[in-house]
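Written below as structure tokens is the structure these notes are about.
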Amino acid sequence: MNTMTDIKRILGFLLLFTCMIAGASAAGSPAADFYATPETGSALLTVEFTDISAGDASGRAWYFGDGITDPEWTETAPDAGWSARGGHSMVVLSDGSILLMGGLEEDAYTHDVWRSEDSGATWSRVADEPRWGPRLYHSSLLLADGSILIMGGLFWDGEQFYEYNDVWRSTTKGALWTKVADEAAWTARDGLTSLLLHDGSILVMGGWDRIGQKNDVWRSNNNGISWSQISYRADWPPRAYHSSVLLSDGSIVLMGGYVEDDDGWSYYNDVWRSTDNGATWTEMTSDAKWSPRDGHTSVALPDGGILLMGGMNNETRYGDLWHSADFGATWTELTPETGWHARDRHSSVLLPDGSILVAGGWSYAGDDEYTYYNDVWRLETADSTAENPTHIYEAPGSYSVTLRAFNAAGISTITKGDFITVTEPAPAETPAPPATPENEVTPVHTPTPEQSPVVYAPVLLMFAGMIVVWVRKEE
């Protein structure tokens with residue numbers, strides 16, 4: 001037995017094991033964390049933030065809690081390469097790439113899949129005719145394991161409309177698809193919304209089937225294979241072409257939409273919230289400041305805010321952008337015109353760096369004519385993307401701060417509530433008034449009888465080129 005050889009083998013094994021652990025840690029998604037200096041002070045307060053996230057983050061998005069200002073959209077692709085269309089869907093993969101699927105172009109239903117790896121600037125076709133067939137007004141989402149689901153939707157063959165309640169899954173970033181449910185328990189429909197909850201389950205809400213608009217809620221705990229009904233009739237009225245988001249606290253917000261009944265068409269601008277995974281709902285507002293509409297999109301920001309954009313009401317299309325910081329209860333219009341053409345049936349997604357993409361859609365040109373789009377626009381929402389930024393708080397108040405750290409393996413977000421406290425600045429000291437003839441006081445010395453008079457007699461002496469002043473006191 002060679003003891004030295006055995007020791008070398010053991011040390012080599014330990015070194016290899018350590019490298020494997022370090023590699024596994026580096027390959028995983030980061031765990032966001034940070035601190036700030038100082039955390040309290042008076043306005044104007046300069047705060048230095050330091051990222052101490054575990055793992056190897058390739059990028060960051062900071063939200064300092066004092067609001068979104070001057071939103072400016074940038075056109076990243078005037079002609080994306082895929083045909084101009086609306087009613088399509090998009091998802092963002094864990095590596096930050098984007099998939100666009102299906103939709104209606106001017107003369108045909110589509111079922112192609114396109115991918116962008118540069119935030120929507122350029123696109124390549126991933127699948128020309130996937131097995132799920134042409135459709136629009138479907139819903140798609142990214143699962144916790146990185147696979148993609150597409151479900152529901154509508155197709156017209158020129159004579160008849162077909163609604164779907166099938167569920168398809170791709171584990172190859174959209175290249176290949178497998179049917180996981182031929183007929184889900186919810187009725188075939190289009191104009192539905194779906195969300196991935198924090199526990200990995202999936203919700204489907206509302207939509208339009210052959211009977212009419214729906215207000216039911218369904219849930220799947222096995223990636224869309226089987227479904228259970230959470231609510232036959234949710235607290236919000238039936239609707240389709242609405243939007244919904246999952247907020248960072250796990251609550252769900254549903255807003256807007258359309259219903260057709262005996263009284264005609266109606267558009268909503270109400271907002272509803274659920275804190276129990278869709279079982280019960282609270283109306284946050286029955287009349288949001290944005291106009292009633294459908295075909296709009298909404299995005300949940302990392303700091304818990306919501307952005308809502310675009311949509312339609314009859315022949316009117318919108319190109320506005322609205323923000324809510326209180327679960328949809330109140331709204332602020334950030335801009336009435338975003339820069340992209342007013343439209344509906346577009347898609348929007350949140351990128352890892354906090355940017356929002358809007359792609360495609362259509363607008364009404366009159367006389368039953370529509371303009372279809374294949375442009376891509378981007379809005380940066382983060383206050384900073386630096387590793388260790390500095391921020392100046394101008395107004396007194398308590399501010400929550402959010403850090404979103406990400407790499408190709410995943411995303412981690414942390415929010416520290418009421419983290420920065422800014423107080424009123426100390427009042428400035430009032431300076432003493434300058435001396436003037438009116439308020440100037442000249443000191444006067446009056447000798448008393450007990451005091452002897454003092455006489456100062458200056459005598460100038462010249463000595464060695466110097467002037468010396470000698471003061472002699474005489475009594």
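In case it helps, the UniProt record's numbering puts the sequence shown at residues 1 to 475.
C-beta atoms are modelled at their ideal positions from N, C-alpha and C, and glycine is treated no differently.
All values derive from a computational prediction rather than experimental measurement.
As assigned by DSSP and simplified to three states, the class of residue i
i      : result
Gly146 : coil
Ile52  : coil
Ser384 : strand
Ala325 : coil
Tyr137 : coil
Asn222 : coil
Asp182 : coil
His346 : coil
Gly103 : strand
Asp95  : coil
Residue environment, residue i, which counts as buried when at least 16 other CB atoms sit within 10 Å
i      : result
Tyr258 : buried
Asp289 : Going by the sequence as given, residue 289 is Lys instead of Asp. With fewer than 16 other Cβ atoms within 10 Å, it is exposed.
Asn277 : buried
Phe161 : exposed
His198 : exposed
Pro431 : exposed
Thr74  : exposed
Tyr318 : buried
Tyr109 : buried
The ligand ATP heavy atom lying under 7 Å from the CB of residue i
i     : result
Ala43 : In the structure on display, the ligand ATP does not appear, and there are no ligands present to speak of.
Candidates the options, of which the one nearest residue i by Cα
i           : options                        : result
Phe34       : Glu72, Ser251, Thr50           : Thr50
Arg418      : Pro30, Glu39, Gly174, Lys173   : Reading off the sequence, residue 418 comes out as Asp, not Arg. Of the listed residues, the one whose Cα sits closest to Asp418 is Glu39.
Thr390      : Ala36, Ala32, Ser29            : Ala36
Gly250      : Leu196, Ser243, Ala325         : Leu196
Gly55       : Ile411, Ala342, Gly103         : Ile411
Trp218      : Ala175, Met205, Glu72, Ala57   : Met205
Ser119      : Pro427, Pro433, Trp377, Ile252 : Trp377
Gly87       : Asp261, His296, Thr275, Trp236 : His296
Gly59       : Ala405, Glu424, Ser140, Ala77  : Ala405
Pro134      : Ala184, Ala329, His111         : His111
Asp190      : Leu104, Tyr164, Asp182, Trp177 : Tyr164
residue 476 : Thr430, Gln213, Arg273, Glu333 : Residue 476 is absent from the structure shown; the chain starts at 1 and stops at 475.
Val299      : Asp326, Val253, Val245, Phe327 : Val245
Distance CB(residue i)-CB(residue j) smaller than 8 Å
i      : j      : result
Leu142 : Ile148 : yes
Gly311 : Asp344 : yes
Leu136 : Val113 : no
Leu307 : Leu301 : yes
Ala382 : Ser29  : no
Trp322 : Trp331 : yes
Gly81  : Ser89  : no
Gly96  : Leu357 : no
Ser116 : Val422 : no
Thr402 : Asp303 : yes
Ile414 : Tyr399 : no
Leu45  : Tyr393 : yes
Ala175 : Gly224 : no
Asn215 : Ala184 : no
Trp132 : Trp177 : yes
Proximity test, Cβ basis, 8 Å: residue i and chain D
i      : result
Ser266 : Here chain D cannot be found, since the structure has a single protein chain.
- Query: Which full runs of the beta strand (DSSP E) of 3+ residues lie inside the UniProt domain "PKD" (362 to 415), going along the chain?
  - Reply: You should have 369 to 379, 390 to 393, 397 to 407.
- Message: Report the start-end ranges of each beta strand (DSSP E) in the region 258 to 326 that is 3 residues or longer and not cut off at the edges.
- Response: Complete beta strand (DSSP E) runs here, min 3: 264 to 274, 282 to 285, 297 to 300, 306 to 313, 316 to 324.
- Could I get the ranges of all uninterrupted beta strand (DSSP E) runs contained in the region 34 to 79, with 3 residues as the minimum, in chain order? If we require 3 residues or more, the beta strand (DSSP E) runs fully inside the region 34 to 79 come out as 34 to 37, 40 to 42, 45 to 51, 59 to 63, 73 to 77.
- Item | 3 or more residues per run - each beta strand (DSSP E) lying fully within the region 188 to 250 | Counting only runs of 3 or more, we get 193 to 196, 202 to 208, 213 to 220, 228 to 231, 243 to 246.
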